[in-house]
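Asks: Be aware that the sequence shown starts at 1, since it is given in the working numbering, and climbs by one per residue. Cβ coordinates follow ideal geometry from the N, Cα and C atoms, glycine included.
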Amino acid sequence: MMKSARPADSPWKDEIPLLRNYIRKRISNREDAADLIQDVLIKAHLQDRNDLRNPSSWLLQTASNVVTDFYRKNKPVPTEEMDPPVEQDFSSYEQLAVYLPPLLNCLPKEYADALRLADLEESGQADIAREKNLSVSAIKSRVQRGRKLLRKEVETCFHVDTNPEGKLVDFRLKKSCRSLIRYEKKLQ
Numbered sequence: 001m002m003k004s005a006r007p008a009d010s011p012w013k014d015e016i017p018l019l020r021n022y023i024r025k026r027i028s029n030r031e032d033a034a035d036l037i038q039d040v041l042i043k044a045h046l047q048d049r050n051d052l053r054n055p056s057s058w059l060l061q062t063a064s065n066v067v068t069d070f071y072r073k074n075k076p077v078p079t080e081e082m083d084p085p086v087e088q089d090f091s092s093y094e095q096l097a098v099y100l101p102p103l104l105n106c107l108p109k110e111y112a113d114a115l116r117l118a119d120l121e122e123s124g125q126a127d128i129a130r131e132k133n134l135s136v137s138a139i140k141s142r143v144q145r146g147r148k149l150l151r152k153e154v155e156t157c158f159h160v161d162t163n164p165e166g167k168l169v170d171f172r173l174k175k176s177c178r179s180l181i182r183y184e185k186k187l188q
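(1) If the criterion is Cβ atoms closer than 8 Å, does the pair S92 and L168 meet it?
(2) Please determine if the segment 107-127 and the segment 160-180 are in contact, where contact requires at least 3 C-beta pairs separated by less than 8 Å.
(3) Across which residues does DSSP place R172 in a beta bridge pair?
(4) Which residues in the same chain as R24 place their Cβ atom closer than 7 Å to its Cβ, once the five residues preceding and following it in sequence are excluded?
(5) Distance check for D39 and D48, CA to CA, integer angstroms please.
(6) Identify the continuous alpha helix (DSSP H) that holds R130 and give its terminal residues.
(7) May I have the straight-line CA-CA distance separating I139 from R130, to the nearest angstrom?
(8) Taking its Cβ as the centre, do 16 or more other Cβ atoms sit within 10 Å of L180, making it buried, or is it exposed?
(9) Assign N105 to one of three DSSP states: helix, strand, or coil.
(10) Candidates V98, L104, I37, P164: which alpha carbon is nearest T222's?
(11) For a test of the three-state rule: what should DSSP assign to I27, helix, strand or coil?
(12) Buried or exposed: where does E153 fall if 16 or more other Cβ atoms within 10 Å of its Cβ makes it buried?
(13) Taking the alpha helix (DSSP H) that A97 falls in, what are its first and last residues?
(14) Whole angstroms are fine: how far does the CA of V143 sit from the CA of C177?
(15) Can you tell me whether G166 is buried or exposed, with buried defined as 16 or more other CB within 10 angstroms of its CB?
(16) Determine the DSSP secondary structure at L41, reduced to helix, strand or coil.
(17) Taking 8 Å as the threshold (C-beta atoms), are W12 and L52 in contact?
(18) In or out: P55 buried (at least 16 other Cβ within 10 Å) or exposed?
(19) Using only the alpha-carbon positions, how far apart do N105 and A44 sit?
(20) Leaving out the 5 sequence neighbours to the left and right, which residues in its chain are closer than 8 Å to K174 when beta-carbon positions are compared?
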């Protein structure tokens with residue numbers, strides 16, 4: 001496997017945690033997931049980011065296609081059993097996830113770090129505790145507290161619409177949330 005470029009060198013660096021999380025949730029084998037992440041990043045570097053209306057959505061759609069191709073290649077299906085291709089649309093959750101990195105920067109460092117490691121990089125809480133030289137319960141508390149603080153930040157920065165079951169249906173950025181408005185302009 002090729003050694004990947006450092007994320008700091010990439011114009012896509014802000015989307016790399018989102019991409020990593022998206023692919024790792026769909027591919028259980030870490031080596032395969034790393035290969036697919038690399039494939040998507042190669043495609044991303046070949047694409048002129050300035051030509052894209054919404055680069056994050058393009059990146060997730062490309063990741064979705066790469067994951068689909070991976071499963072098609074590794075699991076032959078007789079043609080008569082194949083469903084016709086369906087145009088995929090990303091859920092409101094995945095669209096909202098684009099804003100998580102700058103929202104995490106609004107949290108106190110100990111909570112932001114715990115959430116980044118546990119939720120975006122999918123590190124185990126025991127591993128994080130060892131790395132930070134803290135108890136597992138301390139990390140668990142930081143992750144839970146961080147999630148509550150992050151939820152408050154989301155509610156502060158977005159008008160959120162939910163269905164009767166409480167699931168996210170849509171969201172709109174509030175004009176009062178200047179840091180995310182600047183971030184959104186960078187994405188466009």
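Replies: Considering the structure as presented:
(1) Contact: yes.
(2) Pairwise C-beta distances place the segment 107-127 out of contact with the segment 160-180, as fewer than three of them are shorter than 8 Å.
(3) H159
(4) A33, E122
(5) 16 Å
(6) 125-132
(7) 10 Å
(8) buried
(9) For N105, the three-state secondary structure derived from DSSP is coil.
(10) Any answer about residue 222 is impossible in this case: the structure gives the chain only from 1 up to 188.
(11) In the structure shown, I27 adopts coil according to DSSP, grouped into three states.
(12) The residue in question, E153, is buried, as its Cβ has 16 or more Cβ neighbours within 10 Å.
(13) In the DSSP assignment, A97 falls within the alpha helix (DSSP H) that extends over 92-97.
(14) 24 Å
(15) Around the beta carbon of G166, a 10 Å sphere encloses fewer than 16 other beta carbons of the protein chains shown; the residue is thus reported as exposed.
(16) helix
(17) no
(18) buried
(19) 25 Å
(20) T156, C157, F158, H159
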